[in-house]
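What follows is a short report on a single structure.
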């Protein structure tokens, strides 16, 4: 499903060029649950941004569902993100003024789904993450764990092919973190491809495949059997 | 993403910061209000002047000595080059220009009017009986200046109401003798009350026969001749005939000027149109300042919501969606400010004449339309830069923004 071949990413800070990714080749199949690990500065976030179509590689070929991504326009990337990819962030990144339900509806707005259908599709998502009672609460009225569950519902609402989670438990206490992990592994069992960027061994331990990055390169690609 | 959705998103953003939105709108509100109010005052003056000028009587031609340029401007008659207009000129016009209903010779001067121990300076107008008709000013009691008075240079005077009241109070003035610049004049009539017209108090004058007026001012020249035609469409032909006759009488020189009421109206309209435009322009500047206020707040808003922009982009918003969201926000602010400004401006324009009666106002549809369009345009113009700044945000940078 995901084919990265010799991906590099270089940032220019004035005169200095900083290479963040130095030739990543990676193949991810549908239904996998992958942990990307590595110390900070190892390039794991940048890799996630490229896989998530938020950024383009400096060189290399990225094929997502057999479609060349590196050459797409901003609008085409936006459309891929909207339909194919769900994001879960460490800081939840919910829109503070909107209720949980409205937050879940946002991706559907950008796919042009009419308001009534949006609600019909968003509600089951919130039920799926156990927030049926909290649909009309704003993010500030929810606990961290609940907010992250809203974010997961939002990531799933367009039935994406890939769920990208960047330190999804990083801002949560261990109990809420455990709940979130259970939800993610549960989703994976239902067939959703999930990539989790983390440096938490406990989180990585739940994944079947662990990819270790260091200095922009893959140090280890390990499949747990 | 359709327009309604985007509008809703923008509207929620505005509502989430009501005070700031209100203050931003205030700039536009004041701008639009000022445009409407000042244009209404300018328009009001124009409507007022037009009404007053048409109220002078209809289809008037005013012949004055001296040649002025066609576009207005005043050249004082200089000795030697200009022949005076005379009483005989007016008689000739009346006799030979068959398109004219009247040709009234006018002399104008000031003098002192005295009755018993009361006296005051007053404007004296020498006229013929037709003056009543051409200027719509009629006698109330007694009689007006008659043709006989004119022919025989009788020393009779018709008093304006104000003059009569000041000299005689409630007493009957008819038949009394007053001193007009030390000459004895008999009061034969009192005018009907009319009030001020174009800043001149027409009740504060006295009328004498034109011939005795000339004697009083020791001149044989006229101030002007007021002629009138029965129909407006006769004006051009009447002018031609008047020119023809007067040029012959004035040694083949066109040393006089014929002004029509229409031309005077046009001149006035031009002057007041410029005035209105200048007032509107000044008010427009405040609208511009309001627009800059919108841009300022939009830039702040874009910066504050960098993270929101990042989130929306990550969730699939295209650049155009973000652009539209902020554009609509800016246009809503200015448009809502525009509508409020229109209501306040129109309200004030309607209220002002109730309290200040020398300031007539006239709310014109085009000033409302213009103010509204302009405020919308201000929103678009000053919204483009912040909105495109928002749309161009890099999603990763925006998501990292704290």
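Protein chains in written order, with this note's numbering: chain A, 12 to 236; chain B, 678 to 1079. Note that the Cβ used here is the ideal one computed from N, Cα and C, for glycine as well. Predicted model, so just to flag it, every value in this text is computed and none were measured.
Apart from sequence neighbours up to five positions away, the residues of its chain that approach residue 190/A with a beta-carbon distance below 8 angstroms are 156, 160, ordered along the chain. Taking a Cβ-Cβ cut-off of 8 angstroms, residue 28/A has no neighbours in chain B, whose nearest Cβ is about 18 angstroms from it. Contact with chain B is absent for residue 50/A, since none of that chain's Cβ atoms lies less than 8 angstroms from the residue's Cβ. Taking 8 angstroms as the upper bound for CB-CB distance, residue 802/B and residue 783/B are in contact here, some 6 angstroms apart. Contact check for residue 795/B against residue 844/B passes: the beta carbons are separated by less than 8 angstroms.
Around the beta carbon of residue 185/A, fewer than 16 other beta carbons lie within 10 angstroms, which makes this residue exposed. Taking all protein chains shown into account, residue 1006/B has 16 or more neighbouring C-beta atoms within 10 Å of its C-beta and is therefore buried.
With a threshold of 8 angstroms between beta carbons, residue 1063/B makes no contact with chain A. Contact check between the stretch 1041–1059 of chain B and the stretch 936–951 of chain B: fewer than three CB pairs, one atom from each, fall below 8 angstroms, which does not count as touching. The straight-line gap separating the alpha-carbon atoms of residue 807/B and residue 816/B is approximately 12 angstroms. Between the stretch 1029–1039 of chain B and the stretch 721–731 of chain B, the count of C-beta pairs closer than 8 angstroms reaches three or more; the two stretches touch. Residue ranges of uninterrupted beta strand (DSSP E) with 3 or more members, entirely inside the stretch 51–100 of chain A and ordered along the chain, are 70–75, 96–99.
The DSSP assignment places complete alpha helix (DSSP H) segments of no fewer than 4 residues inside the stretch 791–874 of chain B at 808–812, 824–828, 838–845, in order along the chain. Bridge partners of residue 48/A according to DSSP: 223/A. Scanning chain B for C-beta atoms nearer than 8 angstroms to the C-beta of residue 85/A yields 995, 996, reported in chain order. Annotation: residue 800/B to residue 1053/B spans about 54 angstroms, alpha carbon to alpha carbon. Flagged as an interface residue toward chain B: residue 60/A, by a C-beta distance shorter than 8 angstroms. With fewer than three CB-CB distances shorter than 8 angstroms, the stretch 951–963 of chain B does not count as touching the stretch 76–95 of chain A. Considering only beta carbons, no part of the stretch 138–157 of chain A lies closer than 7 angstroms to chain B. For residue 81/A, there are no neighbours in chain B by C-beta distance under 7 angstroms, as the nearest C-beta there is about 16 angstroms away. Look at residue 728/B: its C-beta is not under 8 angstroms from any C-beta on chain A. One thing to note: residue 976/B has its Cβ within 8 angstroms of the Cβ of residue 1063/B.
In this structure, residue 942/B lies away from residue 893/B, with their beta-carbon atoms at least 8 angstroms apart. Note that the stretch 835–854 of chain B does not touch the stretch 908–919 of chain B; fewer than 3 beta-carbon pairs, one per stretch, sit closer than 8 angstroms. Inter-segment contact for the stretch 1006–1023 of chain B and the stretch 704–714 of chain B is present: three or more beta-carbon pairs are separated by less than 8 angstroms. About 20 angstroms separates the CB atoms of residue 971/B and residue 1070/B; that is not less than 8 angstroms, and the two are not in contact. About 22 angstroms separates the beta carbon of residue 872/B from that of residue 864/B, a gap too long to meet the 8 angstroms contact definition. Selection 1056/B, 989/B, 1074/B evaluated against residue 97/A yields 989/B as nearest (Cα-Cα). Cβ neighbours of residue 28/A within its own chain (closer than 8 angstroms, five residues either side excluded): 21, 22. Using a CB distance cut-off of 8 angstroms, residue 187/A does not count as an interface residue toward chain B. Interface flag for residue 118/A against chain B is set, since a Cβ pair is found closer than 8 angstroms. No Cβ of chain A is located within less than 8 angstroms of the beta carbon of residue 718/B.
Taken through DSSP and simplified to helix, strand or coil, residue 135/A comes out as helix.
Interface with chain A (8 angstroms Cβ-Cβ cutoff): residue 990/B is included. The alpha carbon of residue 203/A has as its nearest neighbour, out of 34/A, 224/A, 171/A, 133/A, the alpha carbon of 171/A. For residue 987/B, the enclosing alpha helix (DSSP H) stretches over residues 983–991.
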